[in-house]
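Worksheet for the structure shown next.
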Ligand code: SF4
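Residue numbers (the working numbering): 3 to 367.
What follows is the structure in structure tokens.
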């Protein structure tokens, strides 16, 4: 049975991760640019979902949808796709393909179909059980899951099995043949920990071993950002001592402590500013995420975020400013964003023109 992967922007890493899991089960994942016989797999996100749903609706092959938006909106997606993989795919997808290949029509845990509805998952993926990637290179996912459950974020809901780490040996194995080693993790400094209390000795061990290879190490920068309260002198010395990046990327998200509390961020604005100062002290450029337009945000709270943006830019930070996006599966799903106040458009636009901010076009344009 031939199994295809619908090529779409932003889904490369998911493809190589799943390709590794499928190879273990004897399936080869081939890329395609449209529905292709026998089975075509789709990874749906907020951006590509409408177009790919239309494509699947007229596909004349078996379609399997997964990814963040398919997982969160499985009821809607299963009316169009033949199968929806809800949540992690490494174990579920090969199991599903085996069932299809054998011509059986049974409920598979971790899937949703119009025939069987949603069948709850019966497992949680152990990262070491699968190679990091196959049929192409990718980022090494060193950690999966996050205990913080910020109200706007899908990560904790997509990966409910708690925080899991790839072992040092498995990370070393994955790094072979890479000239640049990059990681996927919700918080690079949480490697080896419960996600709340750092275990920097584990991070140090990882970076020490990787630094014995010829590759450059990128850690704490996209796609392995960190949380502000993990930005300590010890953490920063690990970046300056072992890594190629001269930037450190973390989210403060809002200039209002009340908003941060409602989001369940688990840190304050002051924690964010401390992280900025420490990062600068170590000669690194802080790259800071801010979000404007939360549904419950008042004009005054937006103004606090705008003032924080100006303050941060003045200190030498690079800013990523985005309008709030209500992601499916989160507590804020379906709630309309508040439009940015006039000062936000004006000030963030000015920072963008000065090269100090990037972000969502509707806010910066
Ligand atoms: S800390 Fe980051 S990854 Fe974790 S829930 Fe919050 S935004 Fe998501």
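The C-beta atom is built at its ideal place from N, Cα and C for all residues, glycine as well.
Query                                                                                                                    : Result
Test: residue 359 CB closer than 8 Å to a CB of chain B                                                                  : This model lacks chain B altogether; it includes just one protein chain.
Beta carbon of residue 7 nearer than 8 Å to that of residue 46                                                           : no
Same chain, Cβ closer than 6 Å to residue 187, neighbours up to 5 away in sequence not counted                           : 144, 145 and 226
Cβ-based neighbour list, residue 100, same chain, cut-off 8 Å, excluding 5 preceding and 5 following                     : 27
Helix, strand or coil at residue 316 [DSSP, three-state]                                                                 : helix
Assigned exposure category for residue 117 - 16 Cβ within 10 Å defines buried                                            : exposed
Coil, strand or helix - residue 173 by DSSP                                                                              : helix
Length of the line joining the Cα atoms of residue 274 and residue 333                                                   : 24 Å
Local conformation of residue 9 per DSSP, three classes                                                                  : coil
Proximity test, residue 189 beta-carbon vs the ligand SF4 heavy atom, cut-off 7 Å                                        : yes
Assumed close pair residue 123, residue 112 - CB separation to whole angstroms, cut-off 8 Å                              : 4 Å
Cβ neighbours of residue 33 in the same chain (closer than 6 Å, five flanking residues each side left out)               : 7 and 9
Neighbourhood of residue 355 by C-beta, 8 Å cutoff - its chain only, sequence neighbours within 5 removed                : none
For residue 318 and residue 325, the rounded distance between their alpha carbons                                        : 22 Å
Euclidean distance between Cα positions of residue 254 and residue 176                                                   : 31 Å
Contact set for residue 358: own chain, Cβ-Cβ below 7 Å, skip 5 residues either direction                                : 315, 320 and 321
Cα-Cα separation between residue 281 and residue 233, rounded to whole angstroms                                         : 8 Å
Beta-carbon separation (whole angstroms), residue 1 vs residue 173, contact threshold 8 Å                                : Residue numbering for the chain in the displayed model covers 3 to 367; residue 1 lies beyond these limits and cannot be assessed.
beta-carbon residue 157 near the ligand SF4 non-hydrogen atom, thresh 7 Å                                                : yes
Simplified DSSP state of residue 323, which is helix, strand or coil                                                     : strand
Complete alpha helix (DSSP H) runs within the stretch 164-214 (minimum length 4 residues, chain order)                   : 170-177 and 202-212
Nonlocal neighbours in the same chain, by C-beta distance under 7 Å from residue 152, ignoring five residues either side : 265, 266 and 267
Reduced DSSP category for residue 78 - H, G, I as helix; E, B as strand; rest coil                                       : helix
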